[in-house]
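Under the numbering used here, the first residue of the sequence shown is numbered 2, with each subsequent residue one higher. No residue lacks a Cβ here, since even glycine has one placed at the ideal position from N, Cα and C. For reference, the structure discussed in these notes is given below.
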Amino acid sequence: MSDRPLKIGITCYPSVGGSGILASELGEELAARGHEIHFISYEPPFRMPADNPRVFFHPVVVNSYNLFKHPDYTLPLSVKMAEVSRDYGLDVLHVHYAVPHATAAFLARSMLHQEHRLKIITTLHGTDTTLLGRDPGYGPAIAHALENSDAITTVSEFMRRETGRLLGVKRPIEVIHNFFEPHPARRDRADVRRELGIADGEAMILHLSNLRALKRIDLLLATVAAIRQRESFKFVILAGDSFAPFRAEVERLGLTDRVVVRERVSEIDDYLKAADLGLFTSEVESFCLSILEMMSIGVPSVAFAVGGIPEVVQSGASGLLVPFPDTAAMTHAVESLIADPARRASLGRAARQRAREQFSAAAIVPRYEALYRRVCRE
Ligand code: GMT
């Protein structure tokens with residue numbers, strides 16, 4: 002196949018979440034490289050590029066019928082995938098997060114029969130393997146959809162191993178790590194810190210996530226509550242979901258004057274740039290895109306050494322990792338960085354360099370392009 006621009010369908014979860022963010026950023030980067038991008042989902046992805054003539058959005062409409070106790074998304078999604086593939090002549094359908102996207106893509110290809118040999122690439126992001134892959138109600142369907150994809154990728158070596166172990170997939174799984182490109186600042190650092198009430202001399206510790214159970218917000222708050230120099234920091238949480246269920250715990254731990262929460266912020270870059278260090282207590286992460294987001298602007302993180310995180314952060318060089326679930330070690334690591342701005346700066350410099358060399362769009366997007374061209378040729 003020549004190097005003509007490709008027509009690529011992308012399906013992901015549009016709500017706040019690493020897989021949707023990665024898929025949106027990938028679409029933006031591919032469009033900037035001349036490809037035509039068709040997002041297919043029930044809503045425009047959270048960070049879908051706006052006003053780009055090469056980016057299209059095709060909504061999947063889910064009607065509710067009294068007959069069904071649970072509305073079905075898989076079938077309308079597969080019908081829309083088939084329709085868009087046929088009408089726009091898609092070369093590739095790239096689905097992010099296997100459930101139910103990979104199964105819907107398989108159905109779409111079956112609907113098209115021989116009229117259009119649609120290529121399907123499935124990227125596994127995390128709980129599609131580590132949680133749903135273990136569920137007997139999902140595992141066999143996920144494995145079936147993977148065996149019927151033209152290529153399978155995932156975001157870390159950890160995930161590649163787990164997918165083999167939990168789903169018994171025999172096909173090759175290519176590891177293409179996540180990437181992130183920082184956007185230009187819109188507000189200056191001092192302005193953002195003023196808005197958040199960070200006083201001079203206070204370190205800004207930042208956590209961002211969708212607060213799901215595996216993020217272990219209990220351990221996060223326990224770590225922060227144990228920091229001895231109470232006046233030395235503010236803890237800012239950018240919450241992708243309502244923080245209300247955790248308010249009582251913040252109060253119980255006496256953290257009300259230390260914790261600042263912003264919910265469902267779409268422009269996170271300015272907050273990242275205002276931070277001094279990141280803090281993450283997930284019990285499992287296939288990669289942890291939030292850590293990379295901070296690394297890419299030179300902010301080091303403290304996290305548990307779980308899942309794919311050690312592939313992203315080299316402990317002691319580009320951040321600090323401690324064994325799960327040792328919150329005392331976590332607090333100690335945070336305290337050491339609060340007290341040592343020079344160490345923060347040197348870890349931050351190394352983090353930024355690593356992000357640029359290993360996990361930038363320039364390093365990663367060509368690998369997806371090469372994969373698309375390879376499956377189209379096969
Ligand atoms: O698998 C999930 O829980 C959902 C997914 C998401 O949409 O946030 O998160 C995963 O994908 C991200 C992007 O590849 C990774 O950075 C996250 O580590 C991963 N989450 C988990 O593995 C828990």
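In the pairwise beta carbon analysis, the region 155-164 is classified as touching the region 174-190: at least three pairs are separated by under 8 angstroms. DSSP lists Lys-235 as the bridge partner or partners of Met-205. Across the set Ile-143, Met-49, Glu-203 and Arg-344, the C-alpha of Ile-143 shows the shortest separation from the C-alpha of Gly-127. Secondary structure at Lys-81: helix, using DSSP grouped into helix, strand and coil. The beta carbon of Ala-227 sits closer than 6 angstroms to those of Thr-332, all from its chain and outside the five residues before and after it, given in chain order. Around the CB of Arg-353, 16 or more other CB atoms lie within 10 Å, so the residue is classed as buried. Note on His-114: under 16 other CB atoms within 10 angstroms of its CB, so exposed under the neighbour-count rule.
DSSP lists no beta-bridge partner residue for Lys-70. DSSP links Thr-155 through a beta bridge to Leu-125 and Val-176. At a Cβ-Cβ threshold of 8 angstroms, Ile-292 and Phe-281 count as neighbours.
Taking the Cβ of Val-285 as the reference point, at least one heavy atom of ligand 1 falls within a distance shorter than 7 angstroms. The alpha carbon of Phe-107 has as its nearest neighbour, out of Arg-135, Tyr-89, Asp-88 and Thr-75, the alpha carbon of Thr-75.
In terms of side-chain proximity, the C-beta atom of His-95 is found no nearer than 7 angstroms to any non-hydrogen atom of ligand 1.
For a cut-off of 8 angstroms, the C-beta gap from Tyr-89 to His-39 is around 6 angstroms, short enough to register as a contact. Taking 8 angstroms as the cut-off, the Cβ atoms of Ser-302 and Leu-278 count as close. Lys-216 is positioned such that its CB atom lies no closer than 8 angstroms to that of Asp-92. In this structure, Ala-99 and Leu-125 form a Cβ contact; the two beta carbons are roughly 6 angstroms apart against a cut-off of 8 angstroms. Boundaries of the beta strand (DSSP E) around His-97: 93-97. Rounded to the nearest angstrom, the gap between the Cα atoms of Ala-363 and Ala-330 is 36 angstroms.
A check of alpha carbon separations from Glu-26 across His-184, Gly-309, Gln-230 and Thr-131 identifies His-184 as the nearest.
In terms of CA proximity to Ser-42, His-97 leads the group Val-170, His-97 and Arg-368. Between Ser-16 and the set Asn-211, Gly-308, Ser-337 and Val-313, the nearest pair of CA atoms involves Asn-211. The beta-carbon distance between Val-300 and Ala-276, rounded to whole angstroms, is 5 angstroms. This is short enough to meet the 8 angstroms contact definition. Phe-288 and Gly-308 have their C-alpha atoms spaced approximately 7 angstroms apart.
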